[in-house]
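Asks: Here's a structure for you.
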Amino acid sequence: MPKSATDPLATYNAKRDFAKTAEPAGKVAKGKDNRFIVQKHDATRLHWDFRLELDGVLKSWAVTRGPSLDPADKRLAVRTEDHPMSYADFEGTIPKGEYGGGSVMLWDVGTWAPVAGKSAKDLAKGHLHFILDGERMKGEWLLVRIKGRPGEKRENWLLRKIEDEEAGGSDTLVQTGLTSVKTGRTMREIADGKILPGTGRGTATRSGVVEGARRKSGSRGRPPPPSSGRSPSPSRGGFPKFVAPQLATLVDSVPTGSAWLHEVKYDGYRAIVAVGGGKAKIFTRTGLDWTDKFPGVAEAAAALDVGSALIDGEITALKDGRPDFSTLQQAISEGGEMVMFAFDLLSLDGTDLRKLPNIQRKERLRPLIPASGTIQFAEHIVGAGEKLFDAMCDEGYEGIVCKRADAPYRSVRTKSWLKVKCTRRQEFVIIGWNESSAKGRGFSSLLLALNEEGGLRYAGKVGTGFNTDTIADLRDRFDKLARKSAPVEVPRAIARKAHWVSPKLVAEVAFGEFTADGVIRHASFIGLRGDKPAAEVRAEAPAATPELATLPVKITNPDRVIFPGEKLTKGDLAAYAAAVAPLMLPWVGSRPISLVRCPQGRAKHCFFQKHDSGSFGEAVKHVPIREKKGGTEDYLYVDDATGILQCVQMGTIEFHGWASSVATLDRPDRMVFDLDPDEGLDFDKVVKAAEKLKTVLGDLGLTSFPMLSGGKGVHVVVPLAPEADWERFTGFAERFSRAMAADDPDRFTATMSKAKRKGRIFLDWLRNQRGSTAIMPYSARARAGAPVAAPITWAELKDVEGANIYSIRDTDTLLERARGRGLRGWGVSDQILPDL
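Structure below.
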């Protein structure tokens, strides 16, 4: 790559006429050598300019397809000329005819550093292994130069993601990162010269659709309200009141099956965090206000982009990258760094979410939590809990927590939340201490007790796990709690040299086992716990692990053939529904539904049903809804796997859902464009049509996701924050569809008429009306082949040959796909509808 030996920006300056372009002139400006930026550049060919600060300039590469989160992808990155540091803030339009003419978006910003043991000097050797901490790009990455051919002028490199917790799907970043991290503008708004969001609406795009999306910087945050002022007040919902947390039951083995989701068991303090009006309070599991003990977490919680929320999680501190309780105690006393792992959302903007399925609450929580920082989203896996447990134990973690994916939140200890520990560990009451043989104020061991029905009983002693500071702190506490006699009966040999204290302090202790006499062996002190009263400390005995392979719904006539061509039975359909229920619930759960029932099989009489006289079962619930023609009717909804199975027991094959949830009936949150092709139209034309919708929606700043309908077509799904009312929601869907049809009349029609559909695709927007429904993800279809509606990625869609490639026979494949990185985050985006 040509450049001046004395001026690294000579090539940059020579390529540009600064009288014609707004790009900054090149000057070396020494910085901290740790900044990186990415600019989305719609020049001759759309690409992403990846730039790393080094030696006072921005080292630059053009990544043709954009960065991929999939470690298997090696994206071509063509080295370009060094850019000045001032270019790091550039966003705008380079005039046509000038070098790089086209729109430039500031797509990502952050910091970079070589991984431990590597150096920025490695770049000159043709490789660079580094860590990014940006708005969108995070974790470990690798740049490697490809050996060039003789006479080749440009340097070709490969940009690749390294396997870590930030890894994901191939096109996740480029398909969800649609707006500027600086101004919130789309590429079309930048091209049209829009200065800042909120200062006016855009002009018509090449597809005839009006611009105007307003989104917050970054791909995971909640968007700010549109300038029209329709959004609720920031204080909506008020300040949430404390809710007692749900507690997990200790078991001795990991539950199997896809009905469970599994999380890491974090080693810290349980916290219920209330956020409202830009303020936050942190409560212990007993309701104590400990906000002052976790100031950094409280500050981060107050900054979350919500009106109000009640979040459940665990606060800890990290040691060698792992949660460590002793490090947390030191951080509390000395003001060190802490992190909260948020794993549940109990309320949002005044709406109580505790009746929703666990997995649905987590998906509502996910977009509220920043991609990095003091508060982090507690990731989970569905099924495969044994593998996670083994991995966590090998890494030295405490264990895992297993939760029923379909369970509501209950403020008691339940068997829908289980904990499995790598080593036995629990709280004990300190009742005394033994002197150390060494001089000073030390001690050799602590004497412990547990509560039983008759009162406290002696439970053994712990003599390891202390450091100098801990010993000094405990001795000061013991002096204030000293008493002359033992608070419980203790073996004479133990009591002979003991000093006694009132049973007020609670210690967390790891140990190997209980002896037959109820005394612990191989114990090690972890730390003091101030969040649990001594009177509540009891022995934790592992309960039997619940078996959920068969859900508690009796399926009558399981051998009845439902799909005659495939010889699949009602029992086969029920087994499929039970297995994929955790995958269905984020979409079908707590949403008014209409059912396609085929009691005698799909080839016989089938009918829609949206009301119920009570024959389905208690898990199939009712919500009263005002009808368009007046009056109120009870509509069906389910919120757990049992409800889904009760519907199947009553002959249900298909589940169709509203665009809104039971909690926000008049604020829809899921727009669906059903691409319904004319008979005989090739499926590849449907694919191209769906991709065009994705592009135009992206121009509006809206992220969309494809789903194979299980029938003939593709659904393009646009998830939304429940902000717009039905009139605005339906109006947008209709105007968008009619604009698409007017712009491309040979491909689309927005009219249902069969005559109008001849050789074209009906862009069905009618599913976005109040009371209308669309097929739900993972629902079976009452069609030949027993197909299912299946989420898919945009990259996969290009190679798909039909909308019905998955069936109820493909349960294992669908479960494996759902656990994979490609579908991570599918259908989730808390974005706000723009104006049209």
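Counting from 1, position 26 in the sequence shown corresponds to residue 6 in my numbering; the numbering is continuous, with no gaps.
Built from N, CA and C at the ideal position, the CB exists for glycine as well.
1. Taking the alpha-carbon positions, what's the THR(-14) to LEU123 distance?
2. Between which two residues does the beta strand (DSSP E) containing LYS687 stretch?
3. Is GLU634 near ARG761, with beta carbons less than 8 Å apart?
4. Take GLN819 and list the residues in its own chain whose beta-carbon comes closer than 7 Å to its own, dropping the five residues that flank it on each side.
5. Hey, out of LYS342, PRO235, SER160, HIS21, whose CA is closest to ALA524's CA?
6. Using only the alpha-carbon positions, how far apart do ASP658 and GLU707 sit?
7. Tell me VAL253's beta-bridge partners as DSSP assigns them.
8. DSSP has THR331 in a bridge; who is on the other side?
9. What is the residue span of the beta strand (DSSP E) that LEU345 lies within?
10. When the Cα of ILE74 is compared with those of MET65, VAL84, GLY412, ALA68, which residue comes out closest?
11. Measure the C-alpha to C-alpha separation of ILE549 and VAL541 and round it to an integer number of angstroms.
12. Compare the beta carbon distance of ALA559 and SER787 with 8 Å and say whether it is the shorter of the two.
13. Are VAL8 and VAL43 touching if we call contact CB-CB under 8 Å?
14. Since LYS477 contacts LEU461 with CB under 8 Å, what's their CB separation in whole angstroms?
15. Kindly list the residues whose CB is nearer than 7 Å to the CB of GLY218, restricted to its own chain and excluding five residues on each side of it in sequence; keep chain order.
16. Answer with buried or exposed for VAL392, where buried requires no fewer than 16 other C-beta atoms within 10 angstroms of its C-beta.
17. Which residues mark the beginning and the end of the alpha helix (DSSP H) in which MET720 is found?
18. THR403 and ALA490: beta carbons closer than 8 Å?
19. If ALA770 sits next to ARG789, beta carbons under 8 Å apart, how far is it from one beta carbon to the other, in whole angstroms?
20. If we count Cβ pairs, one from each stretch, closer than 8 Å, do we get three or more for the region 266 to 276 versus the region 333 to 343?
21. Near SER595, what residues of its chain come up, given a Cβ to Cβ distance below 6 Å and the 5 sequence neighbours on each side ignored?
22. Distance check for THR296 and LYS261, CA to CA, integer angstroms please.
23. Going by DSSP in three states, ASP69 sits in which element: helix, strand or coil?
24. Give the DSSP bridge partners of GLU493, in chain order.
25. Could I get the ranges of all uninterrupted alpha helix (DSSP H) runs contained in the region 625 to 702, with 4 residues as the minimum, in chain order?
26. Per DSSP, which residues does VAL541 bridge with? Please list them.
27. What's the call for GLN226, buried or exposed, on a 16-neighbour Cβ count within 10 Å?
28. For SER733, count the other beta carbons within 10 Å of its own beta carbon; 16 or more makes it buried, fewer makes it exposed. Which is it?
29. Find out if the Cβ-Cβ distance for the pair GLY678, ASP654 is shorter than 8 Å.
30. Do you know how far the Cα of TRP87 is from the Cα of GLY81?
31. Nearest CA to the CA of GLY751: which residue from VAL231, ASP614, ILE535?
32. To which residues of the same chain is TYR377 closer than 8 Å at the C-beta, ignoring the five residues directly before and after it?
33. With DSSP run on the structure shown, which of helix, strand or coil describes ALA2?
34. Please report the Cβ distance between TRP92 and PHE110, rounded to the nearest whole angstrom; I am assuming they are in contact, meaning their Cβ atoms lie under 8 Å.
35. DSSP has PHE110 in a bridge; who is on the other side?
36. Should PRO4 and TYR67 be called a contact, given that it needs their Cβ atoms to be closer than 8 Å?
Replies: In terms of the structure at hand:
1. Between THR(-14) and LEU123, the C-alpha separation is close to 26 Å.
2. Reading off the sequence, residue 687 comes out as Met, not Lys. Looking at the DSSP string, the run of the beta strand (DSSP E) that includes MET687 is 685 to 688.
3. For GLU634 and ARG761, yes; Cβs fall inside 8 Å.
4. Absent from the model: residue 819. The displayed extent of the chain is -19 to 816, so no value can be given.
5. Cα-wise, what sits closest to ALA524 is PRO235.
6. Roughly 29 Å between the two C-alpha positions.
7. For VAL253, DSSP records a beta bridge to ILE262, ILE291.
8. As DSSP reads the structure, THR331 sits in a beta bridge with LEU328.
9. Premise fails: LEU345 lies in the alpha helix (DSSP H), 338 to 345, not in any beta strand (DSSP E).
10. Nearest in C-alpha terms to ILE74, of all of MET65, VAL84, GLY412, ALA68, is VAL84.
11. In the sequence on display, residue 549 carries Thr and not Ile. One C-alpha to the other measures close to 4 Å.
12. Not in contact: ALA559 and SER787 (Cβ atoms no closer than 8 Å).
13. Inclusion of VAL8 and VAL43 in the CB contact set at 8 Å is not warranted, their separation being larger than that value.
14. Not really, about 18 Å apart at Cβ, beyond 8 Å.
15. So the list reads GLY256, SER288, GLY330, once near-sequence residues are dropped.
16. Looking at its Cβ environment, which holds fewer than 16 other Cβ atoms inside 10 Å, VAL392 is exposed.
17. According to the DSSP assignment, MET720 belongs to the alpha helix (DSSP H) that extends over 706 to 723.
18. Contact: yes.
19. So it is not a contact: roughly 13 Å between Cβ atoms.
20. Taking 8 Å as the limit for Cβ pairs, the verdict is that the region 333 to 343 does not touch the region 266 to 276.
21. Nothing listed; no residue qualifies.
22. One alpha carbon belongs to LYS261, the other to THR296, and they sit about 17 Å apart.
23. Looking at ASP69 - three-state DSSP - the assignment turns out to be helix.
24. GLU493 pairs with ARG501.
25. Whole alpha helix (DSSP H) segments, 4+ residues: 663 to 679.
26. Paired residue(s): THR549.
27. So GLN226 ends up on the buried side.
28. So SER733 ends up on the exposed side.
29. Annotated as distal: GLY678 and ASP654, with beta-carbon spacing of 8 Å or more.
30. Rounded to the nearest angstrom, the gap between the Cα atoms of GLY81 and TRP87 is 17 Å.
31. Ranking the options by Cα distance to GLY751, first place goes to ASP614.
32. The residues are VAL244, LYS245, ASP247, ARG302, PRO303, CYS402.
33. It is coil, neither helix nor strand.
34. That belief holds up - the Cβ atoms of TRP92 and PHE110 are roughly 5 Å apart, short of 8 Å.
35. The partner list for PHE110 (beta bridge, DSSP) reads PRO94, TRP121.
36. For PRO4 and TYR67, yes; Cβs fall inside 8 Å.
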